[in-house]
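Asker:
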Amino acid sequence: MSLEDLDKKIEANRAAALRITRDARDQMKAVRDDPRRTELAKQELIPQIAEDAKPRLAELAAREQQMVDDHQRFLQRQIYGTAGSSPEAVISFRDAQERADRIEEPRPALVAMQRALLNKDDGMAQALLGRAFDQGWGDVINAYAAENPSLRTYLTDLNALLAFKNNVGAQMTGAWNYQLATI
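Each residue of the sequence shown is one higher than the one before, counting from 0 in numbering that gives the first Met the number 0.
1. If contacts are defined as beta-carbon pairs under 8 Å, then A49 and L179 qualify, I think. What distance do you get, rounded to the angstrom?
2. What residue from E87, Q134, L2 has the CA that sits closest to L109's CA?
3. Comparing C-alpha positions only, which one of L39, Q42, T37, Q77 sits nearest to Q125?
4. Please report the Cβ distance between L160 and H70, rounded to the nearest whole angstrom; I am assuming they are in contact, meaning their Cβ atoms lie under 8 Å.
5. Would you identify the three-state DSSP class for W183, choosing helix, strand or coil?
6. Taking only three categories from DSSP, how would you classify A60?
7. Closest to R130 by C-alpha separation, out of T152, L56, R21, E103, would be which residue?
8. Of the choices V30, A57, D4, whose alpha-carbon is the least far from that of I19?
9. What's the C-alpha gap between A29 and Y153?
10. Looking only at C-alpha atoms, which of Y79, A11, N158, L5 sits nearest to G122?
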């Protein structure tokens, strides 16, 4: 699935949330505008309408988060493959991750990436790639992509997806889609 497909699924999910909130607001307005209801009845019914909508909105919010997380895992599997099953492969990769995690600046990470790629040290290159994604080191990611052109689309998509997940404004806007005010 591409990022465009994920975006369409998220938009459809948010549209479903919008329908729920719109319906709830319409119901609240109908209660407020109903001259047959007392103020006490209105004060009891309006919060109940909101409470009825909240679980459905929470389910849609959780579904969006699950879609994003699932797509991230899909992209990571495409890029990294599955972990080796031998104990030696696991230990070797863990050691590479520890070494990559000690790198604090993008320049030394780029040098280490170039060295790993030159020596065909896939474990170290992938560990450095993971660190580059965590730190937002585009040059390191691009160096890996240059040596692995078949993965470029996955790398670009993962970078964009992680940027989306780390964008506080985008996350707040997304979360707002699943909220219902009872004003």
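Cβ coordinates follow ideal geometry from the N, Cα and C atoms, glycine included. All figures in this text were calculated on a predicted structure; none of them were measured in a lab.
Answerer: On the basis of the coordinates in this document:
1. Counting from 1 along the sequence shown, the entry for residue 49 is found at position 50. Counting from 1 along the sequence shown, the entry for residue 179 is found at position 180. 5 Å between Cβ atoms; contact.
2. Start at 1 with the first residue of the sequence shown, and residue 109 comes out as number 110. With distances taken between Cα atoms, L109 lies closest to Q134.
3. If you number the sequence shown from 1, residue 125 lands on position 126. Of the listed residues, the one whose Cα sits closest to Q125 is Q77.
4. Position 161 of the sequence shown, counted from the first residue, corresponds to residue 160. Position 71 of the sequence shown, counted from the first residue, corresponds to residue 70. Contact flag correct, Cβ pair sits at about 6 Å.
5. The first residue shown for the chain is 0 and the last is 182, placing residue 183 beyond what the model contains.
6. Position 61 of the sequence shown, counted from the first residue, corresponds to residue 60. Reduced to three states, the DSSP call for A60 is helix.
7. Start at 1 with the first residue of the sequence shown, and residue 130 comes out as number 131. The shortest C-alpha separation from R130 is found at E103.
8. Counted from its first residue, the sequence shown places residue 19 at position 20. Among V30, A57, D4, the Cα nearest to that of I19 is on A57.
9. By one-based count along the sequence shown, residue 29 stands at place 30. By one-based count along the sequence shown, residue 153 stands at place 154. In a straight line, the C-alpha of A29 is about 49 Å away from that of Y153.
10. Here residue 122 corresponds to residue number 123 of the sequence shown, with the count starting at 1. Measuring from the Cα of G122, the nearest candidate turns out to be Y79.
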